[in-house]
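Numbering (the numbering used here), first residue to last: -16 to 104.
Just so you know, even glycine gets a beta-carbon here, dropped at the ideal spot from N, CA and C.
No experiment lies behind these values; they were computed from the predicted model shown.
Input: a single structure, listed below in structure tokens.
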Amino acid sequence: MLKFEMLCHEVRLRKALDEEKTLRRLHDEREVELAYLQCELQKKMEGLEHLRDKAGQAKHKYDELKAQADAQASTKEGALAKAFALEVQLRLAHDNSLVQKDTIAKLETELSKIRAEIVDA
-16 MLKFEMLCHE VRLRKALDEE KTLRRLHDER EVELAYLQCE LQKKMEGLEH LRDKAGQAKH
44 KYDELKAQAD AQASTKEGAL AKAFALEVQL RLAHDNSLVQ KDTIAKLETE LSKIRAEIVD
104 A
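Here you go:
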């Protein structure tokens, strides 16, 4: 009976040792997998940081171009306003010129009448 009990204990011990080996092997595999995943995570984080830098540079470039476009639009608006003001001045000067021509014609007519009266007198 003692021999039988020893055999049973030996079987249980071998089973436990086999299970321990299996668990150690599984543990080692998980450690390797964890190291690999940590390495991959580090690469992804570095890639993400690189993309953030590029996004920051692109935003900076966009802001510069937008400022230039806004300045050009402002300059264009100023030029359009100035052109409109000059057109108004030109129309006023033209209208004034027509009035002056009409006034000159009337004055010349009156002057001719007065000269004619002087000659007749």
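Extent of the continuous alpha helix (DSSP H) to which residue i belongs
{"i": "M(-11)", "result": "-15 to 103"}
Alpha-carbon to alpha-carbon, residue j and residue i
{"i": "K27", "j": "Q51", "result": "36 Å"}
{"i": "I97", "j": "K89", "result": "12 Å"}
{"i": "A22", "j": "R8", "result": "Here the sequence assigns Cys to residue 22, which means Ala is not the residue at that position. If I take the Cα positions, the gap works out to 21 Å."}
{"i": "D1", "j": "L24", "result": "34 Å"}
{"i": "V82", "j": "A76", "result": "10 Å"}
{"i": "Q40", "j": "Y19", "result": "32 Å"}
{"i": "K42", "j": "L73", "result": "46 Å"}
{"i": "E60", "j": "D78", "result": "27 Å"}
{"i": "V(-6)", "j": "K(-14)", "result": "12 Å"}
{"i": "C(-9)", "j": "A(-1)", "result": "12 Å"}
{"i": "D85", "j": "L48", "result": "55 Å"}
{"i": "A68", "j": "L31", "result": "55 Å"}
{"i": "R35", "j": "D46", "result": "16 Å"}
{"i": "E91", "j": "A56", "result": "52 Å"}
{"i": "H33", "j": "D53", "result": "30 Å"}
{"i": "L63", "j": "E93", "result": "45 Å"}
{"i": "S95", "j": "V102", "result": "10 Å"}
{"i": "T5", "j": "A38", "result": "48 Å"}
{"i": "R(-4)", "j": "L17", "result": "Reading off the sequence, residue -4 comes out as Leu, not Arg. Distance between the alpha carbons of L(-4) and L17 is about 31 Å."}
{"i": "V15", "j": "M(-11)", "result": "38 Å"}
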